[in-house]
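The structure appears right after this line, and notes come after that.
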Amino acid sequence: MTKFESGVKTIPASQELVYEKLSDLNNLEKFKSSLPEDKVKNLSFDSESVMIEVAPVGKIALSIVEKEPCKCIKFATTTSPLPFNLWIQIVAVSETECKMKLTIGMELNPFMKGMVQKPLQEGLEKMADMLSIIPYH
10 MTKFESGVKT
20 IPASQELVYE
30 KLSDLNNLEK
40 FKSSLPEDKV
50 KNLSFDSESV
60 MIEVAPVGKI
70 ALSIVEKEPC
80 KCIKFATTTS
90 PLPFNLWIQI
100 VAVSETECKM
110 KLTIGMELNP
120 FMKGMVQKPL
130 QEGLEKMADM
140 LSIIPYH
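Numbered per my numbering, the sequence shown spans residues 10 to 146.
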């Protein structure tokens, strides 16, 4: 399995607040408008799953498959040109600060890895940046 990891992001909120917000995807509704419309289309979600259309990739649907309270949220694709898993890891630093990292794991042959590595890494970083700046209070 090939893994892609975002940089570690510091969030000025407790581990519990960040986990509570990210483990219920309905909480992301108010941030839809901050996504780049030229890259992201038809975003829809409920508390446990998200569907998004990303140019030039196509439709991607993810569902939460496992939650480890306050530490990790694991997603798996239900629709995707390339199936993958996504983990959001959250680690407490103090009562008012935590660190977060995103990881994508997918089965890729060397040819496919060469094609998707750069855009996937960039997308993962943008997603981590977005999740690190939303208000958690």
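Just so it is clear, CB atoms sit at the ideal spot from N, CA and C, and this is done for glycine as well.
This one's a predicted model, so the numbers in the text were calculated from it and none came from an experiment.
Asked                                                                                                   : Found
Residue nearest to E29 in terms of C-alpha spacing, selected from K41, L91 and P78                      : P78
Validate contact between the stretch 138-146 and the stretch 54-61 using beta carbons, cut 8 Å, 3 pairs : no
Sub-7 Å separation of I82 and S15 beta-carbons                                                          : no
Opposing strand residues paired with F54 [DSSP bridges]                                                 : V59
Beta-ladder partner(s) of L91, from DSSP                                                                : None, per the DSSP bridge assignment.
Three or more C-beta pairs below 8 Å linking the stretch 85-95 and the stretch 111-119                  : yes
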